[in-house]
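What follows is a single structure, written as structure tokens, with notes after it.
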Amino acid sequence: MQAIDTAVIGAGPYGLSVAAHLRVAGVEHEVFGEPLESWQSFMPRGMVLKSEPFASNLWDPARRFSYENYFAEKGIAYRPVHDPIPVERFLDYAHWFRRNAVGEVRRVKVRRVARAGNAFSLELEDGAVLTARRVVVATGHMGYRRVPDELAGLPEGACVHSTALNDLRPYADRDVTVIGAGASALESVALLHEAGANTRLVARRKQITWNAPALPDRGWIERLRKPESGLGPGWRSMAVSELPFVYRRVFAPEKRHRYFLTSWGPSGAWWLRDRVEGKIDLLMGHQLASAQMVDGRVRLGLTGPAGDTEVVTDHVVAATGFDVALERLDCLDPALRSRIAREGPYARLTAHFETSVPGLFIVGLAAAPVFGPVQRFMFGAKHAAPAVTKALRRNRVQNTATIRRVIPVEPKTGVLQPDSA
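Residue numbers (full-length UniProt numbering): 1 to 421.
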């Protein structure tokens, strides 16, 4: 059975950034997963990142493979702000980063992680089983997708989450209703409209919040009054984006959790405004009350300012965000999850992103209730990657002989057995 020191589960911005740091630190590791899979396979063609170029980096320790340096190598003029990034360009940058800063990735999913003695067993989607002394979970957003209960009974095809809109061609000439008022909802409805669908937006909010563009030529007084940060302008954004360890240490869990759930609410990128206003039917201030199939179409019951109303549509897109909870991290064996100390529904994490199970680390969205909203965005990998690497480098051992004997496999059944020695 193969034994490795550290397994990084997930090859998105966080997993690749952690791997880049581990590589420089000389920590033996292996990365599992299809690189940038959620971006490559699920994001709609034509999507544009919400973040400004200066906040759209993957992270290596020396910053050699930044988005700006990628532009320099390509011979393209770089602008840190006011230059929206198409997802296709970001993917090209991310693969360039992977080739240069990370190296090989094992392109197979980890189906299950279980505790085995002082190490972990990893069951891969291809049937292989291996052991790892430490595990970094960097599985991103997809496992936390939220669909309202009212839509849960609709058949596949009638209702999809906004993260599953990779190919918009089937929606041409169809009637599509998008639920939500955030960046994903607004971009989805704009792209669907431009792909030839008859679209409308249904949202509980009374009006859409549009982000202002970051201006490239602000004077020093304006920059001092409202500095630009990885999460937007202003001192609050600056503190949250640059001080996640202070955030974790200073605020009580209840306050951190409440802020995680209520801050950085739904808003639209400035470059979407002209593509939505005056072009899309906006049903603001409407609450979804029911949904049912009638003659092959979806009948939505809505409650709005003028009372109850109905919308009949061909497809519903739930741009309704994500619901983070440790129980939804389904790559972890239930017995392993039960051993993780919690803060409410979330994992309790040390300053190095380590759970109460020694050697098990969690980064990205699942760490946001502890370290703040910056972990919801790729910018947060700037903090997570070096913190995790510091802990792993400090505790590493060069000899993995002890790992190989932790979980022998019973030869007839292949069932993992505890070490009897």
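Each residue gets a CB set at the ideal place from its N, CA and C atoms; glycine is no exception. Keep in mind the model is a prediction, meaning the values are calculated, not measured.
Check: When the distance is taken between beta carbons, is LEU288 closer than 8 Å to PRO148?; Outcome: yes
Check: Would you kindly work out how many angstroms separate the C-alpha atoms of GLY15 and THR139, rounded to a whole number?; Outcome: 8 Å
Check: With DSSP as the reference, label TYR70 as helix, strand or coil.; Outcome: helix
Check: Based on Cα-Cα distance, which residue from VAL246, TYR247, PHE251, ALA212 lies nearest to GLY234?; Outcome: ALA212
Check: Is the Cβ-Cβ distance between ARG169 and ILE280 less than 8 Å?; Outcome: no
Check: Given this structure, state the Cα-to-Cα distance separating GLN207 from LEU302, to the nearest angstrom.; Outcome: 17 Å
Check: Suppose the cutoff is 7 Å on Cβ atoms and the five residues either side in sequence are ignored; what does the same chain contact list for THR309 look like?; Outcome: LEU302
Check: Can you give me the C-alpha to C-alpha distance between VAL113 and VAL294, rounded to a whole angstrom?; Outcome: 43 Å
Check: Can you tell which of LEU360, VAL388, GLU343, PHE377 has its C-alpha closest to the C-alpha of VAL370?; Outcome: GLU343
Check: Residue range of the alpha helix (DSSP H) that ASP5 falls in?; Outcome: Looking at the DSSP string, ASP5 is not in any alpha helix (DSSP H); the run it does join, the beta strand (DSSP E), is 3 to 9.
Check: Are the segment 234 to 247 and the segment 376 to 387 touching by the rule of at least three beta carbon pairs closer than 8 Å?; Outcome: yes
Check: In three-state terms, what does DSSP make of GLU277?; Outcome: coil
Check: Pull the bridge partners of TYR346 from the DSSP assignment, please.; Outcome: GLU343
Check: Which residue or residues does DSSP assign as beta-bridge partners of residue 424?; Outcome: Outside the shown range of the chain, which is 1 to 421, sits residue 424, and nothing can be said about it.
Check: With 16 as the cutoff for other CB atoms within 10 Å, does ARG146 come out buried or exposed?; Outcome: exposed
Check: Can you give, in chain order, each stretch of the beta strand (DSSP E) that sits fully within the segment 304 to 378 and has at least 3 residues?; Outcome: 307 to 313, 315 to 318, 360 to 362
Check: According to DSSP, is ASP175 part of a helix, a strand, or is it coil?; Outcome: strand
Check: Which residues mark the beginning and the end of the alpha helix (DSSP H) in which LEU122 is found?; Outcome: Where LEU122 is concerned, there is no enclosing alpha helix (DSSP H), although the beta strand (DSSP E) it sits in stretches over 119 to 124.
Check: Taking just the CA atoms, how far does VAL363 sit from LEU261?; Outcome: 17 Å
Check: So, helix, strand or coil for GLY15, using DSSP?; Outcome: helix
Check: Would you identify the three-state DSSP class for GLY380, choosing helix, strand or coil?; Outcome: helix
Check: Within the segment 98 to 171, note down every full alpha helix (DSSP H) run reaching 4 residues or more, in order along the chain.; Outcome: none
Check: DSSP has HIS21 in a bridge; who is on the other side?; Outcome: None, per the DSSP bridge assignment.
Check: Between the C-alpha atoms of HIS193 and ARG225, what's the straight-line distance to the nearest angstrom?; Outcome: 39 Å
Check: Taking the alpha-carbon of SER237 as reference, which of GLY12, PHE377, PRO44 has the nearest alpha-carbon?; Outcome: PHE377
Check: Leaving out the 5 sequence neighbours to the left and right, which residues in its chain are closer than 8 Å to VAL311 when beta-carbon positions are compared?; Outcome: THR177, ARG200, VAL202, LEU283, ARG299, LEU300, LEU302
Check: Taking a contact to mean a Cβ-Cβ separation below 8 Å, would you say ALA366 touches HIS161 in this structure?; Outcome: no
Check: If we require 4 or more residues per run, which alpha helix (DSSP H) segments fall completely within the segment 23 to 70?; Outcome: 37 to 41
Check: Would you list the residues sitting across from LEU282 in a DSSP beta bridge?; Outcome: LEU201
Check: Once the 5 residues before and after ASP60 are set aside, which same chain residues still bring their CB inside 6 Å of it?; Outcome: ALA20, ALA101
Check: Can you list, in chain order, the residues of its chain whose CB lies under 7 Å from that of LEU326, leaving out five sequence neighbours each side?; Outcome: ARG337, ILE340, ARG342, PRO345, TYR346, ALA347
Check: How would you write the range of the alpha helix (DSSP H) that ILE221 sits in, first residue to last?; Outcome: 220 to 225
Check: Alpha helix (DSSP H) containing VAL189: first to last residue?; Outcome: 183 to 194
Check: Return the bridge partner residues of TRP264 from the DSSP annotation.; Outcome: Looking at the DSSP assignment, TRP264 forms no beta bridge with any residue, so it has no partner.
Check: Please state the DSSP three-state secondary structure of ALA289.; Outcome: strand
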